[in-house]
Amino acid sequence: MRKPIALAMLVGALAALAALVAVQVAGASGHGAAGPGPKAGSCSLGQHGKVKHVIYLQFDNVHFAPDRSNVAGDLVQMPHLFNFLKQDGTLFTNDHTILISHTAGGITSSLTGLYPDRMGQTTSNGYDAFDSTGTPHNTSSFKYWTDPVGVSGDNLPNMVTDGQKTTPAPWAPYTRAGCDVGGVGTANIELENTSTAAGGDITKVFGNPSPEATEANSDSQAAQTDFVGIAVHCSQSPQSVCANNANARPDQLPDEPGGYTGFDGLFGAKYVDPAVANGSPCVADTSGNPITDPVGRCGFPGFDGMLAKNSLGYVAAMQENGVPVTYAYISDAHDLHVPTLSTDSYSSSATGPGEITHEQQLKDYDTAFENFFQNLQQHGINKGNTLFVVTVDEGDHFAGGIGTPQQGSDNLIYDHRSCTNLTACPSNQLGEVGVNLSSGTGVLPAGESPFDIHFDDAPTVYVSGQPPRDNAGVRKLEQDMGSLMLPDPYVNHGQSIPAADQMADTVEEQTLHMVNSDPARTPTFTMFGNPDFFFQLSNPCSGFKECAAPGFAWNHGDVQQEIGNTWVGFVGPGIAKGGVDSNTWTDHTNVRPTILSLLGLKDDYTDDGHVLVQGLDKPSVPKALDGPKIADLEQADDQVNAPFGQFALATLASSTKALKSTSTTEYNDLENSITNLTSQRDTLAGQIRSALNAAAFDGVPISNSQAQSWIDQANSLISQAQALPH
Numbered sequence: 020m021r022k023p024i025a026l027a028m029l030v031g032a033l034a035a036l037a038a039l040v041a042v043q044v045a046g047a048s049g050h051g052a053a054g055p056g057p058k059a060g061s062c063s064l065g066q067h068g069k070v071k072h073v074i075y076l077q078f079d080n081v082h083f084a085p086d087r088s089n090v091a092g093d094l095v096q097m098p099h100l101f102n103f104l105k106q107d108g109t110l111f112t113n114d115h116t117i118l119i120s121h122t123a124g125g126i127t128s129s130l131t132g133l134y135p136d137r138m139g140q141t142t143s144n145g146y147d148a149f150d151s152t153g154t155p156h157n158t159s160s161f162k163y164w165t166d167p168v169g170v171s172g173d174n175l176p177n178m179v180t181d182g183q184k185t186t187p188a189p190w191a192p193y194t195r196a197g198c199d200v201g202g203v204g205t206a207n208i209e210l211e212n213t214s215t216a217a218g219g220d221i222t223k224v225f226g227n228p229s230p231e232a233t234e235a236n237s238d239s240q241a242a243q244t245d246f247v248g249i250a251v252h253c254s255q256s257p258q259s260v261c262a263n264n265a266n267a268r269p270d271q272l273p274d275e276p277g278g279y280t281g282f283d284g285l286f287g288a289k290y291v292d293p294a295v296a297n298g299s300p301c302v303a304d305t306s307g308n309p310i311t312d313p314v315g316r317c318g319f320p321g322f323d324g325m326l327a328k329n330s331l332g333y334v335a336a337m338q339e340n341g342v343p344v345t346y347a348y349i350s351d352a353h354d355l356h357v358p359t360l361s362t363d364s365y366s367s368s369a370t371g372p373g374e375i376t377h378e379q380q381l382k383d384y385d386t387a388f389e390n391f392f393q394n395l396q397q398h399g400i401n402k403g404n405t406l407f408v409v410t411v412d413e414g415d416h417f418a419g420g421i422g423t424p425q426q427g428s429d430n431l432i433y434d435h436r437s438c439t440n441l442t443a444c445p446s447n448q449l450g451e452v453g454v455n456l457s458s459g460t461g462v463l464p465a466g467e468s469p470f471d472i473h474f475d476d477a478p479t480v481y482v483s484g485q486p487p488r489d490n491a492g493v494r495k496l497e498q499d500m501g502s503l504m505l506p507d508p509y510v511n512h513g514q515s516i517p518a519a520d521q522m523a524d525t526v527e528e529q530t531l532h533m534v535n536s537d538p539a540r541t542p543t544f545t546m547f548g549n550p551d552f553f554f555q556l557s558n559p560c561s562g563f564k565e566c567a568a569p570g571f572a573w574n575h576g577d578v579q580q581e582i583g584n585t586w587v588g589f590v591g592p593g594i595a596k597g598g599v600d601s602n603t604w605t606d607h608t609n610v611r612p613t614i615l616s617l618l619g620l621k622d623d624y625t626d627d628g629h630v631l632v633q634g635l636d637k638p639s640v641p642k643a644l645d646g647p648k649i650a651d652l653e654q655a656d657d658q659v660n661a662p663f664g665q666f667a668l669a670t671l672a673s674s675t676k677a678l679k680s681t682s683t684t685e686y687n688d689l690e691n692s693i694t695n696l697t698s699q700r701d702t703l704a705g706q707i708r709s710a711l712n713a714a715a716f717d718g719v720p721i722s723n724s725q726a727q728s729w730i731d732q733a734n735s736l737i738s739q740a741q742a743l744p745h
């Protein structure tokens, strides 16, 4: 999730919400209970042009599996969506995210079909980059697609790919095919900031001076509402919403393979809303109410305000008004997001599984989907002409003791409080255990090499000076973190447990696809922690090195299966009615090639993922992927190459032993073994990746003997990795 900046007491926030509900903005438009078919366009995709619409939705932290045995999983509590996916298509429930497993990386790997080493977000939602003096500086992963890192001395792209170029944009194949593409709160495909500095999003798109820059300088919150989070990337079709639109601006992709000139876009709700809402300044949500920011201005409600009713309202308005391809983000359902008038933002507070507010928010989401599907159907947008793809960026771990609902002082909000005595926390305590990982003032001994971290459940560590991995100071820091024991209030009344579950330095990070083409942002090492903990470099509660605070309770980024195991559902032309598929192992990189194959499009690069043949009906499987060994080859490819595959998890266990070891010989032997196996893995995975892409998009067949040879090689590498000491 995108952790919000401010936390507020929910009682006051709910009062503000009640006041906001009464606000009505005249002229809200975009869709209604009934209406004509969608506006004509030039977008016809897939076999015989059957696909007229593509609707891609990506949740933040919504689970298929239950988080407590006595509480149904999140998706099951949204029956209008759940039944749609399992009855009309295929719902894969053994999908997986990338590492580290966070919102920015989870979304961008799905958008691109690339692992983080080839699309840039190797650590998200933030990361450090070393400047020319070797000093690490933190920066956000959330930047517009073509933005640079933004750290002194590092002007490489934030979305960096092979050759230190900007990762190809996910909308380019669509716009080249004549289809406008809408972005609704989805990471990095709309403007992400209101900066008017050189390289800032406002300056890049609108220029400075410009009216937009003037607004951003005078009222940054109003500029956020007007220009951030909503966009349309336009085709060159005469029916495009950019055609003859004075608010269109050049859609610049200077590194795009094959060039990308003459394309425009609409950036920000101020310009998108009128284009998709019949001239109205405000798009309606799925209940027919205007979508506004917390103080009632039409436009982007903020990333924490992308509740299902708002995101789906924007999607419906776009789909019905000439934008046939839409990518949308839906805020997580585990935190209660409430608009706060005093700060013009959303406050958030964690809820536990089974709590009233948690269940009510899921019910609200389900109602939004009910209205959404009904409205689309009434406008002629349905499973017969629309490809629906619904997934989630990551899973997460619930850090809390609550298992059954109980009443709070106001009969609605649970009275969770910070707990600083971890051995005496109440049984209904909720919240991650904040840990100050600083040297001397925190839980680590004084005298460690200076370092910075990405605050997280899985902190990436950046040692000042960017020393080599076998540096004595680096090795001591790894050993000290690896041996750290901390009290956990959710384990036997505060029993001390190991803080580190797994560890990876630059050798294993390479295996996990965590090293991209920008050497300045390679972490010195990563500690994948126990998922109850959140590590930072400051005291989590005043005067305490550790405390359990109720502000956040859903940890991710880490290697545990409940975090890495996600789901993805497909419905529409070419999709098999496969129901719930819990057997097929897949991950985020397979989403894009599956979509493009169904649509008859292709990327200008070789995807890391492959077409999910298990989810397609027989006529839609590319002929060259219709062999008896293809499905097995795809599964072997995933297991040997994916961050949560068997090969990676086996080498990670061995890496952990190496980094914790005080024996130089053992450390070197294990590191050399991992390096050797990873080199062989990369060669094999490259061959399989190229062959599967050529089969899917160029019709180049793969013989059964070749497929079996690659399967055998993958299984051999996995066996060798599993045989390493760990």
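Counting the sequence shown from 1 gives a position; our numbering is that position plus 19. The beta carbon of each residue, even a glycine, is placed where N, CA and C say it ideally should be.
Take the Cβ of residue i as the centre, count every other Cβ of all protein chains shown within 10 Å, and call the residue buried at 16 or more, exposed below.
| i | result |
| --- | --- |
| S561 | exposed |
| G51 | Note on G51: pLDDT 43, under 50, position unreliable in the model; the coordinate value appears next. With fewer than 16 Cβ atoms within 10 Å of its Cβ, G51 is classed as exposed. |
| V510 | exposed |
| Q665 | buried |
| T603 | buried |
| T541 | buried |
| K596 | exposed |
| A216 | exposed |
| A740 | buried |
| A191 | buried |
| V40 | Since pLDDT at V40 reaches only 35, below the 50 mark, its modelled position is unreliable, and no value is offered. |
| T359 | buried |
| S368 | buried |
| T186 | buried |
| H18 | Given that the chain is displayed from residue 20 to residue 745, the structure contains no residue 18 and the question cannot be resolved. |
| T684 | exposed |
| Q448 | buried |
| I432 | For I432, the predicted model reports a pLDDT of 49, less than 50, meaning its position is unreliable; a value from the coordinates is still stated below. By the 10 Å Cβ count, I432 comes out buried. |
Checking 7 angstroms against the spacing of the C-beta atoms, do residue i and residue j come in under that value?
| i | j | result |
| --- | --- | --- |
| E565 | V454 | yes |
| T585 | T116 | yes |
| F554 | T439 | no |
| G248 | G281 | no |
| A519 | G501 | yes |
| T127 | A206 | yes |
| V344 | A294 | no |
| M522 | L678 | yes |
| E211 | K162 | yes |
| L711 | H629 | yes |
| I472 | P478 | yes |
| G139 | N157 | no |
Could you tell me the boundaries of the alpha helix (DSSP H) in which residue i lies?
| i | result |
| --- | --- |
| S239 | S239 to F246 |
| E339 | A327 to E339 |
| H377 | I375 to Q397 |
| Q699 | T683 to D717 |
| Q580 | Q580 to G583 |
Provide the residue span of the beta strand (DSSP E) that contains residue i, from first to last.
| i | result |
| --- | --- |
| M500 | Run containing M500: none in the beta strand (DSSP E); it sits in the alpha helix (DSSP H), A491 to G501. |
| P98 | P98 -> not in any beta strand (DSSP E); alpha helix (DSSP H) instead, spanning P98 to D107. |
| L355 | D354 to T359 |
So if DSSP puts residue i in a beta bridge, which residue, or which two residues, is it bridged to?
| i | result |
| --- | --- |
| I594 | L635 |
| F554 | V454 and D475 |
| W573 | F417 |
| A567 | C438 and V452 |
| M522 | M546 |
| G403 | Answer by DSSP bridge pairing: none, since G403 is not bridged. |
| D745 | Looking at the sequence itself, residue 745 is His, so the reference to Asp does not match. None, per the DSSP bridge assignment. |
| F282 | Answer is none; F282 lacks a bridge partner. |
| V480 | I472 and F544 |
| S120 | G576 |
| S515 | P506 |
| I349 | F78 |
Would you be able to state if there are at least three C-beta pairs under 8 angstroms between the stretch 645-660 and the stretch 715-735? yes
Give a yes or no on contact between the stretch 642-650 and the stretch 717-729, applying the rule of three or more CB pairs nearer than 8 angstroms. yes
Examine the Cβ distances between the stretch 156-167 and the stretch 214-232 and report whether three or more of them are shorter than 8 angstroms. yes
Please confirm if the stretch 144-152 is in contact with the stretch 465-483, defined as three or more CB-CB distances below 8 angstroms between the two stretches. yes
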